[in-house]
DNA sequence: GATGAATGAGCCTTCATTCAT
DNA sequence: TATGAATGAAGGCTCATTCAT
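Chains as they are written, first to last, in this note's numbering: chain A, 1 to 205; chain B, 1001 to 1205; chain C, 2001 to 2205; chain D, 3001 to 3205.
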């Protein structure tokens, strides 16, 4: 298993990226990618079984990487003792977000593809999968700390889903709008403050 | 073989709705719609100029209706005296949201199409157009009340855009997830509380 | 059988003319004609069995009129005694051409249709049918005067066909180019002189 | 199932020719051509960009070849000294016509397409383009020799256009009527004599 | 006399993909 | 490893025409 995928492969990747970025997955054309890479459409099938496989190759690592990062951060936090968790939730999430943004900006192209061009692929619901994780761990947190938000009915899993969706949409807007990392961080800090106020309100009104 | 315009038209509409809902505008097939309606693709063109015209017929009225409703509500509020505005912003928005949701649930199918299946049509950016209105009037409100959020830099138009996008995404999630009107109202009330807390935080921290 | 075809019929005719003139028979659209006449395509079929029948109605009378005129002129000449014929051929053809042009300019639209827009109809070979007549009578003339053009092989029926085709093409160019009648007459006089020289050359070299 | 480019291409060409010849460019069907060639319509697009490109491939070389031949012949003659030109015009045109006919019969199919089936393509006015060349050089000739045909008004550019059109129509009749080369040459020689008489008449009456 | 509905055939073209070479 | 050939499905749309009303 050669560590360095063949030269051709490396040539194809950026061409595919360009095409997907420009047209979106569904309207992207294998022929166009091939032409851009100086080869025939048929040739692409030596390197990717599918149009979709190609897309996966482009965004998969970053997608999984972020998901993993996210999962680990949540898991770590979840393992902390109850009291510590209660004290540090919001600080912790500052830290989590920071890493999150760093990761995204380290793989900016991939996330732009993921967020803007994935309709028609298995990644169409990428953001939803992050939301699901977020919701799952938020539920664990609430349960483990004995907060009465859920039992009182002030909060429900569906509500959490919706709020988290809103939050992630907002975060990924920075990618859609090609913000610089600096600008993005500043916005997202504002966003965090905004959402923290909301969470505080519904958790301990 | 019915030769009654109204009747056939009425037969086509739900078939079109189904197809668009299932495949999205771009992948929807005129032939499939026609087949579902028990007729030839060519026959559709007696009732609709275009594939897009068909979609517009389905969602146009609801889309424009909601936009109008929204605009009027904002405009009315905007005309109030400064003091009243400051006192009632958040109450007013309760009322506005209420009407908003009512309207959506009165035209649920249309909004599902609008929110989920409009890519490739003139309505692709429907939600954005609502956001733009929201931002515009929020700016007016901030300016007219002399709030220092903008001048201090705590808020920017872009931030407002992002937060509003997040909010509307969240609201339309109820449509995507086929919630009942009751459930939706309850969620959206929570959402409003949540976002209100955020706005209060950034407006007068 | 009402002498004055119904009013609607009269309304359709110029619309059909316009459409055929603009797009040619094959690309002309029944719908467009109907729309122009303020009615439905189906309605046209009350007045014309066919798209082609419509075209025939427009150009038929003029086409047959000219052919008849042409035939009669030839027939009359043909009945003259041999000596007279020999003496007056060329003068006679001046006269014939004059009437020919007059007739065309009395039905200019029809001939424009006939010459420019008839592809795909039974009139596609209208000009050829004139040529055939011309050739037939020219042969009779040559035979009856005992000219040796044919027997010597200087002339053949096919050659006559070709030359006549050339002549009629030239004549109908005046229609294609929208010349005024005055201009046309002048050109055609030149043309006649030109062709007369040719005929003289091959008939009695 | 042959995978040989050249072979398939060679198989398509005569099928395309047949279809265009039978129906004309506009009514020719890609599907029919493909079926005739034993393949799918889509397959044709590996060999030709377009329906029109296909037609061009069929007739382009011959069309341009003839035009070039014609242009060169005229240009060569045009470079001769005035006296020589005056002396040899008519002889020269014998030679020119000879080559012209040879070329046509060397590419008979192409010219039949060009003359009969090109409506709707860039070659629709092929004959006119030849006429334009002919007229241009005839004008040069008349001017350079000081002939008074133009200044006296006996001839005009429009008249020349019409006569030349007539001549070329006549020439291409041999193609339309599938004459053998021998027959054609004989007719065209007659035609030349015929037209020469005409030109002499109008140039020096 | 005219309509509106509907048909069925047809159009060219594009696409991802397969397969022998 | 890459190619060129070829496929089959699908795409939206237009047209002349028919027919019941």
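Glycine is no exception: its CB is placed at the ideal position from the N, C-alpha and C atoms. Given the structure is predicted, the values throughout are model-derived calculations rather than measurements.
- In the structure shown, the three-state DSSP call for residue 1205 (chain B) is coil.
- Around the beta carbon of residue 1121 (chain B), 16 or more other beta carbons lie within 10 angstroms, which makes this residue buried.
- Interface with chain D (8 Å Cβ-Cβ cutoff): residue 2158 (chain C) is included.
- The C-alpha of residue 1088 (chain B) is placed about 16 Å away from the C-alpha of residue 1146 (chain B).
- Setting aside the 5 residues that flank it on each side, residue 1034 (chain B) is surrounded in the same chain by 1040, 1041, 1043, 1044, each with a C-beta closer than 7 Å to its C-beta; the list follows chain order.
- Here residue 3051 (chain D) is buried: its Cβ has 16 or more other Cβ atoms, across all protein chains shown, within 10 Å.
- For the C-beta of residue 3198 (chain D), the chain C residues within less than 7 Å are, from N- to C-terminus, 2194, 2195, 2197, 2198.
- For the segment 2169-2186 of chain C, the residues whose beta carbon sits under 7 Å from a beta carbon of chain D are, in order, 2169, 2170, 2173.
- For residue 3175 (chain D), the enclosing alpha helix (DSSP H) stretches over residues 3157-3176.
- Pairwise C-beta distances place the segment 158-174 of chain A in contact with the segment 1165-1174 of chain B, as three or more of them are shorter than 8 Å.
- Closer than 8 Å to the CB of residue 3082 (chain D) there is not a single CB belonging to chain C.
- Using a Cβ-Cβ cut-off of 8 Å, residue 1108 (chain B) does not count as an interface residue toward chain A, since no Cβ of chain A sits closer than that to its own.
- Taking each of D:3148, D:3178, D:3183, D:3130 in turn and checking the Cα distance to residue 3162 (chain D), the smallest one comes out for D:3130.
- Residue 1013 (chain B) has its alpha-carbon roughly 47 Å from the corresponding atom of residue 74 (chain A).
- Residue 3079 (chain D) is outside the set of residues whose beta carbon lies under 8 Å from a beta carbon in chain C.
- For chain D, the residues of the segment 2004-2033 of chain C that bring a beta carbon within less than 9 Å of one of its beta carbons are 2024, 2026, 2027, in chain order.
- Annotation for residue 21 (chain A): 109, 112, 113, 116, 117 place their beta carbon closer than 8 Å to its own, counting only its chain and skipping 5 residues before and after.
- Collapsing the DSSP output to three states places residue 3126 (chain D) in a helix.
- Around the Cβ of residue 177 (chain A), a 10 Å sphere holds fewer than 16 other Cβ atoms; the residue is exposed.
- Apart from sequence neighbours up to five positions away, the residues of its chain that approach residue 3195 (chain D) with a beta-carbon distance below 7 Å are 3167, ordered along the chain.
- Residues 1011, 1012, 1015 of the same chain have their beta carbon placed closer than 6 Å to that of residue 1037 (chain B), with the five preceding and five following residues left out of the count.
- Residue 134 (chain A) counts as buried, since at least 16 other C-beta atoms from the protein chains shown sit within 10 angstroms of its C-beta.
- Residues of chain C whose Cβ lies closer than 8 Å to the Cβ of residue 3063 (chain D) do not exist, since the nearest Cβ in that chain is about 20 Å away.
- Neighbours of residue 201 (chain A) in chain B, taken as residues whose beta carbon is under 7 Å from its own, are 1193, 1194, 1197 in chain order.
- Considering only A:77, A:83, A:47, A:203, the residue with the shortest C-alpha distance to residue 155 (chain A) is A:203.
- Taking 8 Å as the threshold, the shortest C-beta distance from residue 3122 (chain D) to chain C does not fall below it.
- For residue 2070 (chain C), the closest Cβ of chain D is not nearer than 8 Å.
- Taking the Cα positions, residue 3058 (chain D) is about 12 Å away from residue 3009 (chain D).
- When Cβ-Cβ separations below 8 Å define contact, residue 1166 (chain B) makes contact with chain A.
- Taking each of A:6, A:25, A:149 in turn and checking the Cα distance to residue 124 (chain A), the smallest one comes out for A:25.
- Among the CB atoms of chain B, none fall inside 8 Å of the CB of residue 89 (chain A).
- Counting C-beta atoms within 10 angstroms of its own C-beta, residue 2152 (chain C) has fewer than 16 neighbours from the protein chains shown and is therefore classed as exposed.
- Three or more Cβ pairs drawn from the segment 180-198 of chain A and the segment 90-109 of chain A lie within less than 8 Å of each other, which places the two stretches in contact.
- Any Cβ of chain C closer than 8 Å to the Cβ of residue 3190 (chain D) would place that residue at the interface, and such an atom is present.
- For residue 2101 (chain C), none of the residues of chain D pass the 8 Å Cβ criterion, the least Cβ distance being about 14 Å.
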